[in-house]
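Below is one structure, written out as structure tokens; comments come after it.
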Amino acid sequence: MECETTTAAEIPRRLAPCFQEYDLERLDPEEHSDLIIERTLAYGDRRALRWLWQRYRRERIRAWVKRDGLRRLPWRRYTLWCVLLDLPRAPHPRSEEQRIWPY
Numbered sequence: 000m001e002c003e004t005t006t007a008a009e010i011p012r013r014l015a016p017c018f019q020e021y022d023l024e025r026l027d028p029e030e031h032s033d034l035i036i037e038r039t040l041a042y043g044d045r046r047a048l049r050w051l052w053q054r055y056r057r058e059r060i061r062a063w064v065k066r067d068g069l070r071r072l073p074w075r076r077y078t079l080w081c082v083l084l085d086l087p088r089a090p091h092p093r094s095e096e097q098r099i100w101p102y
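With the first letter of the sequence shown counted as 1, position 12 gets the number 11 in numbering that gives the first Met the number 0; the numbers rise by one all the way through.
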């Protein structure tokens, strides 16, 4: 069995590509939970998603997707998570008011 390397806060180091502009060692799983959930849902592989579910549990992730997923996830990932988490999807395309960046 392969040994998993983690940060001091127990974030798997293999998640580093999801956080290229951040120092993985400085991320706190509770303080930065929104960022960690967002990036892992958007860019994580199966192992990363398995870790995410163990760390935050389904209801917390589901609540995040319902609250912030439309604005913060790529459209295809958002619709995937809505289906998997049994959430109603927002109509596409997103309106300008719902976008973080107006571009």
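Positions of the beta carbon are idealized from the N, C-alpha and C atoms, including for glycine.
What is the C-beta distance between residue i and residue j, in whole angstroms, given that I count them as a contact (C-beta under 8 Å)?
i, j, result
"L23", "I10", "6 Å"
"I60", "L51", "7 Å"
"V64", "L48", "Not really, about 13 Å apart at Cβ, beyond 8 Å."
Alpha carbon to alpha carbon, what distance is there between residue j and residue i?
i, j, result
"C17", "L84", "22 Å"
"T12", "Q19", "The sequence given here has Arg at residue 12, not Thr. In a straight line, the C-alpha of R12 is about 12 Å away from that of Q19."
"E30", "R75", "27 Å"
So the candidates are the options; which of them puts its Cα closest to the Cα of residue i?
i, options, result
"A7", "E20, P28 and L34", "P28"
"C81", "A47, D44, L40 and R49", "L40"
"Y55", "R71, P73 and L34", "L34"
"L72", "R38, Y21, L26 and T5", "R38"
Ordered along the chain, which non-local residues of its own chain (more than five positions away) have a Cβ less than 6 Å from that of residue i?
i, result
"T78", "R88"
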